[in-house]
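In the working numbering, the protein residues as written are 71 to 426. Backbone N, C-alpha and C define an ideal beta-carbon position, used for all residues, glycine too.
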């Protein structure tokens, strides 16, 4: 018998906190990333009882963890336990990734909160749908935490319109108003930045900006650094009247669903074990070439996806989003970019695992 030498005193520690954790597949992805990248590291799920979140975070810090993921029900609550929160996490109102760093001078630890869900969603959608949300009419099913994050990302990518559809219309309206405020704030900030840049050009005529700032100098970087992701801002912004709310089954919701280019299911309807359910009726008149994105990955083919596919639609599940948000978290902890070859190999293996 050979000794298992994979875990030792130099093993980098990462993990996942939440409650419950029986559903998670993150350990399979993260530990495969460690192996594929040749890094001596391990990722373990840690179920945190109610009322013990702060103790758990302090414990991970004390044990020398490099970082950890956060899942339900602690994505918002954990923000109170952190030293700094990225712009993206502030924007989306939740943290799913925490990086722990040590000050080399003081020896004190700092906890940095991030959110990789939005970036994972956008990257997966671009790759699988072969398009972006720019100039698209979008319907968002649901108004919970997932819907909030995805609606904001879709809006910032320059969607033509977004209709948030929920069983409780007041909750959908509340989310719509929140997104409107965020878009307005981002538009004002971008305008101020561009005005400042233009003013600098006028004041410094002898520089290379003498003829005006270039598009590159005007644009905001997609990523400021791997430790502190920035928010990618679309050049055009939705006007307030283009972000609407409606109740499931209402005339307004049916009209929006029939006319939209993309439908996103951000609810849990159709998730295992409730696999025979769908947020839209079997009789719903899907249009061929509509894109249906279901954030659910278990089962890999939801009833909603099957219905849409039978009508000639493009149907995508949430496995890609899950994969890429996990990869981004790994890159944040390790300060490394995962090579494309490893991404492709792992992605295929991950999808096959979910299908099994």
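Inset, instruction - Look up residue 136 in the DSSP assignment and say whether it is helix, strand or coil. - result: Of the three classes helix, strand and coil, the one that applies to residue 136 here is coil, per DSSP.
Legend entry - Helix, strand or coil at residue 61 [DSSP, three-state]: Because the chain spans 71 through 426 in this model, residue 61 falls outside it and cannot be assessed.
Inset, instruction - Compute the distance between the beta-carbons of residue 362 and residue 378, then report whether it is under 7 angstroms. - result: Contact flag set, yes.
Legend entry - Reference residue 253; option with closest CA among 237, 225, 234 and 231: Comparing Cα positions, the closest option is 225.
Inset, instruction - Compare the C-alpha of residue 134 against each of 124, 105 and 172 and name the closest. - result: Nearest C-alpha to residue 134: 172.
Legend entry - Residue span of the beta strand (DSSP E) that contains residue 386, given as start and end: Run containing residue 386: 384 to 386, per the beta strand (DSSP E) assignment.
Inset, instruction - Return the chain-ordered list of same chain residues with a C-beta closer than 6 angstroms to the C-beta of residue 323, the five sequence neighbours on each side being excluded. - result: Cβ neighbours of residue 323 beyond the five flanking positions: 235 and 316.
Inset, instruction - Compute the Euclidean distance between the alpha carbons of residue 132 and residue 153, then round it to the nearest angstrom. - result: Distance between residue 132 and residue 153, taken at the CA atoms: about 15 angstroms.
Inset, instruction - Could you tell me whether the region 401 to 420 touches the region 205 to 219, using the rule of 3 or more Cβ pairs below 8 angstroms? - result: In short, these stretches do not touch, since the Cβ pair count stays below three.
Legend entry - Contacting residues, own chain, Cβ-Cβ under 7 angstroms from residue 417 (five flanking each side not counted): Around residue 417: 393.
Legend entry - Identity of the residues DSSP links to residue 334 by a beta bridge: By DSSP's assignment, residue 334 forms a beta bridge with 210 and 363.
Legend entry - residue 86 (DSSP reduced to helix, strand or coil): Reduced to three states, the DSSP call for residue 86 is strand.
Legend entry - residue 93 in three-state terms, based on DSSP: Looking at residue 93 - three-state DSSP - the assignment turns out to be coil, as it is neither helix nor strand.
Legend entry - Limits of the beta strand (DSSP E) - the one that residue 113 falls within: From DSSP, the beta strand (DSSP E) with residue 113 extends over 111 to 117.
Legend entry - residue 137 vs residue 168 beta-carbon contact at 7 angstroms: Contact: yes.
Legend entry - Pairwise C-alpha distance: residue 115 and residue 375: The straight-line gap from Cα to Cα measures roughly 30 angstroms.
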